[in-house]
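Novice: Pasting a structure here, questions to come.
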């Protein structure tokens with residue numbers, strides 16, 4: 018069964034805030050990071066169980082570049098992979 022990808026509103030807010038911050042100094046870097054985030058997120062439904070277990074129960078984490086982490090959960094009953102947060106790796110989480 019193929020899972021659908023869903024961005025939680027908080028994850029989308031995280032993404033926009035990160036890209037806005039980076040874009041202030043380097044718009045090209047922000048665009049490249051956004052493309053990388055989109056590509057990595059798009060690959061999740063096909064390989065959701067591949068990545069490490071998360072620090073929060075029932076989550077997993079996908080490292081994006083060296084500095085960012087996608088926190089997500091697999092919801093097989095609903096047929097989705099839900100991206101919960103996009104965080105800087107140095108940010109204290111949870």
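In our numbering, the protein residues as written are 18 to 111. Note that beta-carbon positions come from the ideal geometry of N, C-alpha and C, so glycine has one too. All values reported here derive from a predicted model rather than from experimental measurement.
1. How far does the alpha helix (DSSP H) with residue 56 in it reach, from first residue to last?
2. Just checking my contact of residue 76 with residue 54 at CB under 8 Å: how many whole Å lie between their CB atoms?
3. If residue 35 sits next to residue 88, beta carbons under 8 Å apart, how far is it from one beta carbon to the other, in whole angstroms?
4. Could you give the distance in angstroms between the alpha-carbon of residue 49 and the alpha-carbon of residue 79?
5. Quick check on residue 77: does DSSP put it in helix, strand or coil?
6. So the candidates are 59, 105, 58, 46; which of them puts its Cα closest to the Cα of residue 84?
7. Spatial neighbours of residue 98 within its chain, please: CB distance less than 8 Å, with the 5 preceding and 5 following residues excluded, ordered by chain position.
Specialist: In short, the structure shows the following:
1. 44-64 is the extent of the alpha helix (DSSP H) around residue 56.
2. Not confirmed; about 17 Å, so no contact.
3. Contact doesn't hold; Cβ gap of about 13 Å is too wide.
4. Rounded to whole angstroms, residue 49 to residue 79 spans 17 Å at the Cα level.
5. If DSSP states are grouped into helix, strand and coil, residue 77 belongs with the strands.
6. Of all alpha-carbon atoms in 59, 105, 58, 46, the one lying nearest the alpha-carbon of residue 84 is that of 105.
7. 20, 21, 22, 23, 61, 62, 65, 89, 90, 91, 92, listed in sequence order.
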